[in-house]
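All remarks here apply to the structure that follows.
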Amino acid sequence: MEEKRILCIGLVCLDIISVVDVYPAEDTDTRCLSQRWQRGGNASNSCTVLSLLGAPCAFMGSLAPGHAWLTDCMGPVHPPADSPCSPPPPWVRNLPDVTAQDFEQVDLTQYKWIHWEGRNAAEQVKMIQRVEEYNRTCPAHQRVSTSVEVEKPREELYQLFGYGDVVFVSKDVAKDFGFHSAPEAVKGLHSRVRPGATVICAWAEAGADALGPDGELVHSDAFSPETIVDTLGAGDTFNAAVLLALSRGEAVLQEALTFGCQVAGRKCGVHGYDGIV
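Going letter by letter, the sequence shown gives residues -22 to -1, 1 to 255 in mature numbering (1 follows the signal peptide of the UniProt record, and there is no 0).
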């Protein structure tokens, strides 16, 4: 029987990355050593990492007209991935986010886990509610697990805390709530997630912490490379590795958190993502 996929919903974009010797000082000119184009966006990056780690996955999001480069690079970067997304018509100047109506077209039987990058939260709540309704009609082994990422400190996104089996909270959001560390954040925000959910917060070189349904605080140290080369997408890498470990049903929360930190650490030591495995 074919393994069900993990679906990531959110942004895909073009990152133009300039490589320099040192971080530029303000108002100075710095010679660029090299430059590359790279497909980016939180959900898209997580899909890349999932595929490199061997997980069947799919992406759902909006593509602008003239998106051939982005779709072409979805193949060689992560072959097992699919991209069920439709480009908006060419007269649309501001790309729309995926709506609940768009999500109605998703065949939930094809997926074991769906992850949302927090964006248009009101619509995303409706999507998650559809999954919850579907799960109520299924035996336990056929239910779809859900996760959300609350990365931007925007009030609109905070309604997502109450949805999802796993809630990823960024350092910026934690600070917006007045917390000064990952342990503080997961303890303080755990009351906002639904009963039975897990809240996870990564804190760069301080590692990551999580609080699961049992109320036990779990921590993993960071696994920093000898030389930090490229941190772009490290958080997306962490999220993908954690949810992959959890989706396989074999890893406990501690193991999943440690795996996430290990893979994110490897990513920081290489340009792009190919070197993480």
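Ideal placement from N, C-alpha and C gives every residue a C-beta, glycine not left out. Small disclaimer: the values here were computed from a predicted structure and weren't measured.
* **CB of Ile206 within 8 Å of CB of Gly250, strictly** => no
* Asked: Taking DSSP as the reference, what is the three-state secondary structure of Leu195?
  -> Three-state result, Leu195: strand.
* Segments assigned alpha helix (DSSP H), at least 4 residues, entirely inside the stretch 82 to 127 -> 99 to 114
* **Member of Glu133, Thr176, Ala180 and Tyr141 whose CA lies at the smallest distance from the CA of residue 267** => Lying outside -22 to 255, the shown extent of the chain, residue 267 is not represented and no answer is given.
* For Gln83, count neighbouring Cβ atoms within 10 angstroms of its own Cβ and tell me buried if that reaches 16, exposed if not. => Burial is judged here by how many other beta carbons sit within 10 angstroms of a residue's own beta carbon; Gln83 has fewer than 16 and is exposed.
* **Assigned secondary structure, Arg226 (DSSP; H/G/I helix, E/B strand, else coil)** => Three-state result, Arg226: coil.
* To do: To the nearest angstrom, report how far apart Glu194 and Val171 are at their CA atoms.
  => 15 Å
* Asked: Quick one, which of Leu28, Asn20 and Gln102 has its alpha-carbon nearest Cys(-10)'s?
  -> Asn20
* Asked: Between which two residues does the beta strand (DSSP E) carrying residue 266 extend?
  -> Because the chain spans -22 through 255 in this model, residue 266 falls outside it and cannot be assessed.
* Compare the beta carbon distance of Ala219 and Gly238 with 8 Å and say whether it is the shorter of the two. => yes
* Can Val151 and Val177 be called in contact, C-beta distance under 8 Å? -> no
* Any idea which residues DSSP pairs Ser29 with across the strands? -> None, per the DSSP bridge assignment.
* Among Ala100, Val196, Lys90 and Thr87, which residue has its Cα nearest to the Cα of Val76? -> Ranked by Cα distance from Val76, the first of Ala100, Val196, Lys90 and Thr87 is Ala100.
* Asked: For Ile254, does the three-state DSSP call read helix, strand or coil?
  -> In the three-state DSSP reduction, Ile254 falls in the helix class (H, G or I).
* **Alpha-carbon spacing of Ala33 relative to Val(-1), whole angstroms** => 36 Å
* Quick one: what's got a C-beta closer than 6 Å to Cys(-15)'s C-beta in the same chain, skipping five residues either side? -> Ala21, Ser24, Cys25, Phe37 and His93
* To do: State the start and end residues of the unbroken beta strand (DSSP E) segment that holds Cys179.
  => Thr176 to Ala180
* Taking the DSSP output, what are the residues bridged to Val(-4)? -> Ser12
* To do: Name the residue from Glu204, Val255 and His197 whose alpha carbon lies nearest to the alpha carbon of Val230.
  => The shortest C-alpha separation from Val230 is found at His197.
* Asked: Whose C-beta lies closer than 8 Å to the C-beta of Gln240 among residues of the same chain, with five residues either side of it excluded?
  -> Phe201 and Ala219
* Asked: Where do the ends of the beta strand (DSSP E) carrying Leu189 lie?
  -> Ala186 to Leu189
* Through-space distance from Ser123 to Ala182, alpha-carbon basis -> So the alpha carbons of these two residues sit roughly 26 Å apart.
* **Closest Cα partner of Pro161 within the set Asp192, Gly140 and Ala184** => Scanning Asp192, Gly140 and Ala184 for the CA closest to the CA of Pro161 turns up Ala184.
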